[in-house]
């Protein structure tokens, strides 16, 4: 570059004429500017390389220092309390249990806030205190399998199976506490004495809550794909993208939010005639509620949601004890299984029994289902038509131990709510076949951009704590969004007015 500049200066000195002289001087000024930028870039590159080398030396020195520090293997457990003891004899209290970054395992965190004055501090940590992570090893217990008739000639009574299910259910006191979960609330229980010990420990220890936000719950963040203390925001928008309802919940799913959102929209504007929701809204409870409010609910169908929104899964299993003479279908569904006349079991088309495993809440939280299962179906002639797993489980709604011997007509007449549900499901299927896909695409063009805009303007992560404060931040963000929508609409009106005046 310097040689090029010198050659150009020599040519300028040899030339004559004011116009050529002016152009040559401009070219020389450009070359000098390029030369100066090249010099600055070279200096920055050298400084960057020097900083990189210095950081590498610092990292190497840090690794050497960390290799000489006390590791977690130097900490031992306290014989009486859930704590660790450092090499200096000081205790590190338990701070909680948290999931790892991949969410597959958990670790217990122990820590001591102040280590000032400790004679071994230089060999332990360079910070003010010390924390130690210990991976939580879940005790392995033999899997409880339901014995088949060939394995156990004497049938297992329903009372024994119910006792096993009740022992495996988590304690409601520890289940309702905000995560991260405690060790006692998630460890499997083997017998009643262990459950009693866990209850006593949980009462002595008190409630366990998140150190970051006790009101938040652990939810799987969509963008980061990791478990974090979170709240779930439910937002309802119009076809023009105006927010008419917003609130925060502690539920990781959205199907609980349809009822309060519908009430908020009705009190603000009026009860809408149509409502388009995401995949969590198509539950049985929401369909019945929408039918009662004369609202046409549109939502994606998902047969994998524990059968909460399929007509077949919500219908009681046949209660007849007679063997059906009809041919076995290509895919064996729930309707093919019949109830045993004497025991609380189901009989499959291959004449094998599925024993009662327990009663659980469905996805909507407004009802229960009874679970029947068989642990091993190996060697069954109908296994390919029935299941691809080792065994088969069937969920039954509307059946109880008291009405297992009833006929199909008597069983249906004892549950009058099924007629209303069947009507709502039929109307729902007709609507979805007619215009469901078009409206779901319209939702992607109206509701999803609102969520993206709110996250783009800083609502992807809340910087306050507590449900009420986070709800206030959400309200302010939605208000700002609506103000922006109003300004855009007013600007569009003015432009249309100007266009009309020019056309006139």
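Residue numbers (our numbering): 65 to 568.
All C-beta atoms in this analysis are idealised placements derived from N, C-alpha and C, irrespective of residue type, glycine included.
- Beta-carbon proximity of residue 170 to residue 138, cut-off 8 Å: For this step, residue 170 is matched to residue 106 along the chain shown. For this step, residue 138 is matched to residue 74 along the chain shown. It is not a contact, given that the beta carbons lie outside the stated cut-off.
- Task: List the endpoints of the continuous beta strand (DSSP E) containing residue 310.
- Result: Here residue 310 corresponds to residue number 246 of the chain shown, with the count starting at 1. From DSSP, the beta strand (DSSP E) with residue 310 extends over 307-313.
- Hey, residue 437 and residue 454: beta-carbon distance below 8 Å or not? As a position in the chain shown, residue 437 is number 373, starting the count at 1. As a position in the chain shown, residue 454 is number 390, starting the count at 1. In this structure, residue 454 does not lie closer than 8 Å to residue 437 by Cβ.
- Does DSSP put residue 403 in a helix, in a strand, or in coil? By 1-based counting over the chain shown, the position of residue 403 is 339. Correct three-state label for residue 403: strand.
- Query: Roughly how many angstroms separate the alpha carbons of residue 546 and residue 332, rounded to a whole number?
  - Reply: Taking the chain shown and counting its residues from 1, one reaches residue 546 at position 482. Taking the chain shown and counting its residues from 1, one reaches residue 332 at position 268. Spanning the two alpha carbons is a distance of roughly 15 Å.
- Message: Output needed for residue 300: all residues of its chain with C-beta closer than 8 Å, excluding positions within five of it in sequence on either side, in chain order.
- Response: Reading the chain shown from its first residue, position 236 is the one you call residue 300. 307, 308, 309, 310, 325, 328 and 329.
- Message: The beta strand (DSSP E) that contains residue 175, what's its start and end?
- Response: Translated into positions along the chain shown, residue 175 becomes position 111. It spans 170-176 - the beta strand (DSSP E) in which residue 175 sits, taken as one unbroken run.
- Collapsed DSSP secondary structure at residue 452 in the structure displayed: Your numbering for residue 452 matches position 388 in the chain shown. It is coil, neither helix nor strand.
- Query: Between which two residues does the beta strand (DSSP E) harbouring residue 496 extend?
  - Reply: For the purposes of this step, residue 496 is taken as residue 432 along the chain shown, with counting starting at 1. Neither: residue 496 is in no beta strand (DSSP E) and is coded neither H nor E.
- Message: Can you look up residue 436 in the DSSP assignment and give me helix, strand or coil?
- Response: For the purposes of this step, residue 436 is taken as the residue at position 372 of the chain shown. Strand.
- Item | Whole-angstrom distance between residue 278 and residue 223, CA atom to CA atom | Translated into the one-based positions of the chain shown, residue 223 becomes position 159. Translated into the one-based positions of the chain shown, residue 278 becomes position 214. Low confidence applies here, because residue 223 scores a pLDDT of 47, under 50, leaving its location unreliable and the question unanswered by this model.
- Where does residue 361 sit, in a helix, a strand or coil, going by DSSP? Against the chain shown, residue 361 aligns to sequence position 297. Three-state DSSP puts residue 361 in a strand.
- Which of helix, strand or coil does DSSP assign to residue 201? Taking the chain shown and counting its residues from 1, the one referred to as residue 201 is at position 137. Assigned with DSSP and collapsed to three states, residue 201 falls in coil, not helix or strand.
- Task: State buried or exposed for residue 109, treating a residue as buried only when at least 16 other CB atoms are found within 10 Å of its CB.
- Result: Start at 1 with the first residue of the chain shown, and residue 109 comes out as number 45. With fewer than 16 Cβ atoms within 10 Å of its Cβ, residue 109 is classed as exposed.
- Message: Is the separation between the beta-carbon of residue 157 and that of residue 174 shorter than 8 Å?
- Response: Along the chain shown, read from residue 1 onward, the residue named residue 157 stands at position 93. Along the chain shown, read from residue 1 onward, the residue named residue 174 stands at position 110. Yes; because the gap between Cβ atoms is below 8 Å, this pair is in contact.
- So the beta strand (DSSP E) residue 147 belongs to, where does it begin and stop? Reading the chain shown from its first residue, position 83 is the one you call residue 147. Here the beta strand (DSSP E) through residue 147 covers 147-149.
- Message: Short of 8 Å in beta carbon distance, which residues of its chain neighbour residue 192, apart from the five on each side in sequence? Order them along the chain.
- Response: By 1-based counting over the chain shown, the position of residue 192 is 128. So the qualifying residues of the chain are 177, 178, 179 and 180.
- Query: Can you find at least 3 beta carbon pairs, one from the segment 314-324 and one from the segment 290-299, that sit closer than 8 Å?
  - Reply: yes
- Under the assumption that residue 340 contacts residue 133 (Cβ atoms under 8 Å), give the Cβ distance between them as a whole number of angstroms. As a first step, residue 340 must be located in the chain shown, where it is residue number 276. As a first step, residue 133 must be located in the chain shown, where it is residue number 69. Actually they do not touch by this definition, with Cβ atoms about 58 Å apart.
- Item | Straight-line gap, residue 75 to residue 103 (C-alpha atoms, nearest Å) | Along the chain shown, one-based indexing puts residue 75 at 11. Along the chain shown, one-based indexing puts residue 103 at 39. Residue 75 and residue 103: Cα-Cα distance of roughly 24 Å.
- Query: Considering only C-alpha positions, which residue in the set 433, 412 and 434 is nearest to residue 447?
  - Reply: Position 383 of the chain shown holds residue 447. When each option's Cα is compared against that of residue 447, the closest is 412.
- From residue 94 to residue 186, what distance separates their C-alpha atoms? Numbered from its first residue, the chain shown carries residue 94 at position 30. Numbered from its first residue, the chain shown carries residue 186 at position 122. Near 58 Å, if we compare the C-alpha coordinates of residue 186 and residue 94.
- Mapping DSSP to helix, strand and coil, what is residue 284? Taking the chain shown and counting its residues from 1, the one referred to as residue 284 is at position 220. Strand at residue 284.
- Task: Rounded to whole angstroms, what's the CA-CA distance from residue 240 to residue 555? Just pull it up for me.
- Result: As a working note, residue 240 is residue 176 in the chain shown. As a working note, residue 555 is residue 491 in the chain shown. Note that residue 240 has pLDDT 34, beneath the 50 cutoff, so the model's placement of it is unreliable and the number below is only indicative. Between the alpha carbons of residue 240 and residue 555 lies a distance of about 50 Å.
- Message: If I follow the unbroken alpha helix (DSSP H) through residue 502, where does it start and stop?
- Response: Taking the first residue of the chain shown as 1, we reach residue 502 at position 438. Here the alpha helix (DSSP H) through residue 502 covers 501-518.
- Message: Quick check on the burial criterion: 16 or more other C-beta atoms within 10 angstroms. Buried or exposed for residue 86?
- Response: For the purposes of this step, residue 86 is taken as the residue at position 22 of the chain shown. Exposed is the call here.
- Task: Would you give the residue range spanned by the beta strand (DSSP E) that residue 338 belongs to?
- Result: For the purposes of this step, residue 338 is taken as the residue at position 274 of the chain shown. Note, residue 338: beta strand (DSSP E), 338-340.
- Query: For the alpha helix (DSSP H) that residue 442 lies in, which residues bound it at each end?
  - Reply: If you number the chain shown from 1, residue 442 lands on position 378. Per DSSP, residue 442 is not a residue of any alpha helix (DSSP H), being assigned neither H nor E.
- Which residue comes first and which comes last in the beta strand (DSSP E) that contains residue 356? Walking along the chain shown from the start, residue 356 turns up at place 292. Unbroken run through residue 356 is the alpha helix (DSSP H), 348-356; no beta strand (DSSP E).
- Paired residues, beta bridge with residue 291 - DSSP: Taking the chain shown and counting its residues from 1, the one referred to as residue 291 is at position 227. DSSP lists 284 as partners of residue 291.
- If you drop the 5 nearest sequence neighbours on each side, which residues of the same chain put their C-beta closer than 6 Å to that of residue 523? Locating residue 523 in the chain shown gives position 459, counting from the first residue. Same-chain partners within the cutoff: 541.
- Message: Buried or exposed for residue 166, going by 16 or more other Cβ atoms inside 10 Å?
- Response: On the chain shown, position 102 is the one that residue 166 refers to. In the assembly as shown, residue 166 is an exposed residue. Its beta-carbon has fewer than 16 other beta-carbons within 10 Å.
- Item | Where residue 113 falls: helix, strand or coil (DSSP) | Counting from 1 along the chain shown, the entry for residue 113 is found at position 49. Here residue 113 sits in helix by DSSP.
- For my contact list, residue 353 and residue 322 are in at a C-beta cut-off of 8 Å; report their separation, rounded to the angstrom. Numbered from its first residue, the chain shown carries residue 353 at position 289. Numbered from its first residue, the chain shown carries residue 322 at position 258. Right, the Cβ-Cβ distance comes to about 7 Å (below 8 Å), so this counts as a contact.
- Message: Just to confirm the assignment, what range does the beta strand (DSSP E) spanning residue 317 have?
- Response: As a first step, residue 317 is located in the chain shown; it is residue number 253 there, counting from the start. From DSSP, residue 317 is part of no beta strand (DSSP E); its letter is neither H nor E.
- In three-state DSSP terms, what is residue 133? What you label residue 133 is simply residue 69 of the chain shown in a count that begins at 1. Residue 133: coil per DSSP, three-state reduction.
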